[in-house]
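When you line the sequence shown up against our numbering, it's residues 747 to 1203, in that order.
Beta carbons are placed, not taken as given, at the ideal position from N, Cα and C, and that holds for glycine.
What follows is a set of notes on a single structure, which appears directly below.
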Amino acid sequence: MSMSKRRLEQQEHFWIPTAEIVRSPGHPFYERLNRLLDQQGFDRFVEERCASFYAEKLGRPSIPPGVYFRMLLIGYFEGIDSERGIAWRCADSLGLRAFLGYAVNQKTPDHSSLSVIRGRIDIETHQEVFQWVLKVLAKSNLLKGKTLGVDATTLEANAALRSIVRRDTDQPYEEFLHDLAKASGIESPTREDLAKIDRKRPKKGSNQDWYNPNDPDARITKMKDGRTHLAHKAEHAVDLETGAIVAVTLQGADQGDTTTVQETLDQTEANLAEVRDDPQASKHLSSAKVREVVADKGYHSNDTMCHLREERKIRSYVSEPNYRGGRHWKGKASEQAAVYGNRRRIRGRRGKALLRKRGELVERPFAHCYETGGLRRTHLKGHGRILKRLLIHVAGCNLALLMRTLFGLGTPRGLQGLARRVFHSLWAWTADFWGFCKELPGVSQKLGVPTATSPVA
747 MSMSKRRLEQ
757 QEHFWIPTAE
767 IVRSPGHPFY
777 ERLNRLLDQQ
787 GFDRFVEERC
797 ASFYAEKLGR
807 PSIPPGVYFR
817 MLLIGYFEGI
827 DSERGIAWRC
837 ADSLGLRAFL
847 GYAVNQKTPD
857 HSSLSVIRGR
867 IDIETHQEVF
877 QWVLKVLAKS
887 NLLKGKTLGV
897 DATTLEANAA
907 LRSIVRRDTD
917 QPYEEFLHDL
927 AKASGIESPT
937 REDLAKIDRK
947 RPKKGSNQDW
957 YNPNDPDARI
967 TKMKDGRTHL
977 AHKAEHAVDL
987 ETGAIVAVTL
997 QGADQGDTTT
1007 VQETLDQTEA
1017 NLAEVRDDPQ
1027 ASKHLSSAKV
1037 REVVADKGYH
1047 SNDTMCHLRE
1057 ERKIRSYVSE
1067 PNYRGGRHWK
1077 GKASEQAAVY
1087 GNRRRIRGRR
1097 GKALLRKRGE
1107 LVERPFAHCY
1117 ETGGLRRTHL
1127 KGHGRILKRL
1137 LIHVAGCNLA
1147 LLMRTLFGLG
1157 TPRGLQGLAR
1167 RVFHSLWAWT
1177 ADFWGFCKEL
1187 PGVSQKLGVP
1197 TATSPVA
């Protein structure tokens, strides 16, 4: 057999027979996901919800809404953060083309088309798609709605700190440092001088004095790794019985947990109310409303405990921070009762179990959505645009939970190393079996397995 060489230049074919067109066998994961969406009527649902954003008869044919939402789901399953990357991946993969319903000779949507459609469809419609996924989870007995775990994380904004300006005068930050340098006696400061002044000045940039004109919703905050950056805050409410994400909200990164939890609980109640309106989905819910909320000590305050106990009628399991010097309850009978009741519950057996489960089921979606899901840093600007992408991204995480329950695989990469995992499982089972046989003298003699009491020749 002679060796062939790769051609650097080749003549493209003008006509290609249909039989010679490359066809994709399809990806097993996306085929099953598409089958699941078709069985539940996903395309019909989104087309009905998006019909008001398009002309009835006249106009250029648009990209189907089902394709738009599928491409955002691909962003989660493939771990792609930007819409440009999603569009490139869909154009490059034959399996994803089949998932979207595009033939080889058809052009997949461009990233600019995704931006146009995202701007046309409102946030409420994206929220309805998220609620539709919750109904599908409830029909599969993966949503209970009784016990919730709440936690938040920061998303790095697509904005630079060096671009911030003062709120009162719109003076850029670098110009502000130049004024400080001149006030200290440096007439022509270098970049090293400016960096030194920035490090030594006692009061750093605050959100009350500074903002970024490119993304006014971004806030100056300290990230998980210790860096100071412009960021947003995403907060999840997770069903602690199944691991499903019941609600997600996007808020300012400078707001405390005790402030943002109210909006998250309101959105949770709204989502569960939509699920209860579906007769087939509501019968699987274990409670008519949220009964318990589990959170870390960042959510603990007198007002939060009273609000959960008196207004929402919810039992709280919130870790209590260490208060030095004791606490004074004079004239605060309701606050004392709420705090003491929460303290009594978290010290009980159920409270300790729920706090351990919170650390597992609430932190896991953060890793799936923002680390392997690729959305730790946002490429969009403004809470409205980011929330649209975030809702469908988190809906993809819920669909992954459903796929993992039904088919054993939650991501397209779940097939990688499957044979190795099966081999190790069989090996571990065999080792446990022989270890069990060694403890049974009668069985071990029949099988020829040496035991500790058997004589050695």
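Within 10 angstroms of its Cβ, does residue i collect 16 or more other Cβ (buried), or is it exposed?
i, result
"Arg-1159", "exposed"
"Ile-762", "exposed"
"Met-1149", "buried"
"Tyr-1069", "exposed"
"Gln-756", "exposed"
"Gln-785", "exposed"
"Lys-1043", "exposed"
"Asp-963", "buried"
"Val-879", "buried"
"Asp-1023", "exposed"
"Gly-805", "exposed"
"Ala-1198", "Residue confidence is low: Ala-1198 scores 49 on pLDDT, short of 50, so the model does not pin down where it sits. Its coordinate-derived value is still stated next. It is exposed - the Cβ of Ala-1198 has fewer than 16 other Cβ atoms within 10 Å."
"Gly-1097", "buried"
Taking DSSP as the reference, what is the three-state secondary structure of residue i?
i, result
"Pro-729", "Because the chain is modelled from 747 through 1203, residue 729 falls outside the range shown and cannot be assessed."
"Ser-858", "helix"
"Glu-1066", "coil"
"Ile-991", "strand"
"Glu-824", "coil"
"Arg-1091", "helix"
"Arg-843", "helix"
"Arg-806", "coil"
"Glu-758", "coil"
"Asp-1024", "coil"
"Val-1108", "coil"
"Ala-801", "coil"
"Gln-1082", "helix"
"Ser-1130", "The sequence given here places Gly at residue 1130; Ser does not occur at that position. Three-state result, Gly-1130: helix."
"Ala-849", "coil"
Please name the residue or residues paired with residue i in a DSSP beta bridge.
i, result
"Trp-956", "Arg-912"
"Ser-1033", "Answer by DSSP bridge pairing: none, since Ser-1033 is not bridged."
"Ile-897", "Checking the sequence shown, residue 897 turns out to be Asp, not Ile. Partner(s): His-982."
"Ile-966", "Leu-976"
"Gly-998", "His-978"
"Glu-902", "Ala-977, Arg-1123"
"Val-1039", "Leu-894, Ser-1062"
Can you give the beta carbon distance from residue i to residue j, rounded, assuming they're within the 8 Å contact cut?
i, j, result
"Tyr-1063", "Arg-1089", "So it is not a contact: roughly 10 Å between Cβ atoms."
"Ser-1047", "Leu-1101", "No, Ser-1047 and Leu-1101 are not in contact; Cβ-Cβ is about 18 Å, not under 8 Å."
"Gly-998", "Arg-1037", "With a Cβ gap of about 29 Å, Gly-998 and Arg-1037 do not count as contacting."
"Asp-827", "His-1125", "6 Å"
"Lys-1127", "Asn-953", "That pair is no contact at about 17 Å."
"Tyr-919", "Arg-908", "6 Å"
Of all Cβ atoms in chain B, is any one closer than 9 Å to the Cβ of residue i?
i, result
"Val-994", "The structure shown contains no chain B; it is built from a single protein chain."
Inset, instruction - Flag this pair as touching only if the stretch 898-915 and the stretch 975-991 have three or more C-beta atom pairs under 8 Å; answer yes or no. - result: yes
message: Could you check whether the stretch 953-961 touches the stretch 912-919, counting it as contact only if at least three pairs of C-beta atoms, one from each stretch, sit closer than 8 Å?
response: yes
**Message:** Can you confirm whether the stretch 883-892 touches the stretch 1015-1030 when touching is taken to mean that 3 or more C-beta pairs between the two stretches lie within less than 8 Å?
**Reply:** yes
Legend entry - the stretch 840-852 in contact with the stretch 770-786 per 3-pair CB rule at 8 Å: yes
* If you pair each beta-carbon of the stretch 1000-1010 with each one of the stretch 1067-1082, do three or more pairs fall below 8 Å? -> no
Taking contact to mean 3 or more Cβ pairs, one atom from each stretch, closer than 8 Å, check whether the stretch 860-871 and the stretch 789-805 are in contact.
yes
| task | Assess, as a yes-or-no matter, whether the stretch 800-820 is touched by the stretch 1104-1122 under the definition of 3 or more beta carbon pairs within less than 8 Å. | result | No, the stretch 1104-1122 does not touch the stretch 800-820.
Just checking, does the stretch 1026-1041 make contact with the stretch 873-884 on the three C-beta pairs under 8 Å criterion? yes
(Q) Measuring CB atoms only, is the stretch 1140-1156 touching the stretch 1102-1109, in the sense that at least three cross pairs come out at less than 8 Å? (A) The stretch 1140-1156, when compared against the stretch 1102-1109, does not touch it at the 8 Å Cβ threshold.
If we count Cβ pairs, one from each stretch, closer than 8 Å, do we get three or more for the stretch 849-857 versus the stretch 966-973?
-> No, they do not touch.
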